[in-house]
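Peer 1: Before I ask anything, here is the structure I am working with.
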Amino acid sequence: MRAEIQHLVEETKQSVGLLRRHLDWDTAQRRLAELNAQAEDPNLWNDAEAAQKIMRERTSLEDQISAVKRLEQELEDAITLIELGEMEDDEATIREGEEAIRALQAEAARRQVETLLSGEADANDTYLEVHSGAGGTESQDWANMLQRMYARWAERRKYKVELLEVTDGEEAGIKSATLLIKGHNAYGWLKTESGVHRLVRISPYDSNARRHTSFASVWVYPVVDDRINIEIKESDCRIDTFRSSGAGGQHVNTTDSAVRITHIPTGIVVACQQERSQHKNRATAWNMLRARLYELELKKREEKANAEAAAKTDIAWGHQIRSYVLQPYQMVKDLRTGVQSTSPQDVLDGDLDAFMEASLAQRVYGGAAEVEDID
């Protein structure tokens, strides 16, 4: 077996071993047996809230245990395949086994990062807002590129993406948009993406082909499920209705079906125009407001515990978390962790996992570094 592949085998075994230890393997097996027994109890759903909690824990634990077993078995199968290929001098079989090991190593590493997603709301679906900064068409086009980037990232993970609200730019791009991203650990993965994102490129809107710098901000907050109780006084809110913008048919464009809610004590504003029905948009907007207030409470707790330490940054212009340079060279660099990519097009197509993994690890383990921005 080639030295490079032997190294990958050892790395994969180490990652799987860490997954086992994180689960506390014997305890996890016993707990899953208990949950399976409870799930078979015909009286389980007499208390729907308790039943849902049991089923969520069971599904999560079952996924983690079965993943470890599968990784171990598939690793042994791949090693056996390589050994058979070497015995028969069959290069195609050897390459097949090596590719399988590379894929297993990547999955084991990803699942190891997922063990960091143990926050109260990490497993939840998430809202993701994009807002253009100062700069008119340039920043509005950049905001549209960011919206597409996160949608593509979600699609790569087989997450479901819904566009809840969009405000188009005057000439191109968008002023703002809100995505609802549904999938296990959606909030946990995306929560460190909140902040200002900076783009440097030759402007397609500048007839003199000059280099422009654009800014847009991203805000991520979790969908609040029934387990989390957030009370909102209606007297603290101002509710406005307005006509939906963009495509949507005659009905959408001629009635005040869109809803905007302003929470006066905090200044938080949410809006939804996805549905034709004002009633449905209003219900979604209330859910979004509950989620924003919950996220605000989570942030207060983190600040109180000093959890983010030096990694913490304000969401404001001049405090960008990542720079994307398309000209005169190709580079994306995270200014919190130093992780970088020389393939911006892949990043803008949703290849974000390396950035997310590093920022998650930094949030949990600390170790913020001084990282210089790029021109």
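Under UniProt numbering, read the sequence shown as residues 1 to 375, first letter to last. Every residue gets a Cβ at the ideal spot worked out from N, C-alpha and C, and that includes glycine. On a predicted model such as this, the values are computed, not experimentally measured, just so you know.
(1) So, under 8 angstroms CB-CB, Val130 and Ser176 are touching, yes? Tell me the CB distance rounded to an integer number of Å.
(2) Taking 9 angstroms as the cut-off, decide whether the C-beta atoms of Gly188 and Lys160 are in contact.
(3) Could you give the distance in angstroms between the alpha-carbon of Ile268 and the alpha-carbon of Ser244?
(4) Report yes or no: do the segment 92-102 and the segment 4-13 share at least 3 C-beta pairs separated by less than 8 angstroms?
(5) Determine the extent of the beta strand (DSSP E) in which Thr266 is found, giving its start and end residues.
(6) Using 8 angstroms for Cβ pairs, my map puts Thr137 next to Gly169. What's the rounded Cβ distance?
(7) Which residue wins for smallest C-alpha separation from Leu335, given the options Met356, Ala354, Asp373 and Asp89?
(8) For the 8 angstroms Cβ check, are there 3 or more pairs between the segment 72-80 and the segment 54-63?
(9) So which of Asp141, Ile5 and Val16 has the shortest CA-CA distance to Asp206?
(10) By a C-beta neighbour count over all protein chains shown, 10 Å radius and 16 as the cutoff for buried, is Glu193 buried or exposed?
(11) Between Ala258 and Thr241, how many whole angstroms is the CB-CB distance? I'm expecting something under 8 angstroms.
(12) Relative to the C-alpha of Ile232, which residue among Trp286, Gln362 and Gln278 is closest?
(13) Determine the burial state of Ser15: buried for a count of at least 16 other Cβ atoms within 10 Å of its Cβ, exposed for fewer.
(14) Look at the alpha carbon of Ala143 and the alpha carbon of Leu199, and state the distance between them as a whole number of angstroms.
(15) Distance check for Gln362 and Leu23, CA to CA, integer angstroms please.
(16) Just checking my contact of Glu107 with Leu71 at CB under 8 angstroms: how many whole Å lie between their CB atoms?
(17) Based on Cα-Cα distance, which residue from Gln278, Thr284 and Leu289 lies nearest to Thr266?
(18) List in chain order: all unbroken alpha helix (DSSP H) runs of 4+ residues lying wholly within the segment 144-201.
(19) Sorted by chain position, which residues of the same chain lie with C-beta nearer than 8 angstroms to Leu326's C-beta, five sequence neighbours on each side aside?
Peer 2: Taking the geometry as given:
(1) 7 angstroms
(2) no
(3) 20 angstroms
(4) yes
(5) Looking at the DSSP string, Thr266 is not in any beta strand (DSSP E), and its letter there is neither H nor E.
(6) 6 angstroms
(7) Asp373
(8) no
(9) Asp141
(10) buried
(11) 7 angstroms
(12) Trp286
(13) buried
(14) 10 angstroms
(15) 21 angstroms
(16) 7 angstroms
(17) Leu289
(18) 186-190
(19) Leu199, Val200, Arg201, Ile202 and Pro344
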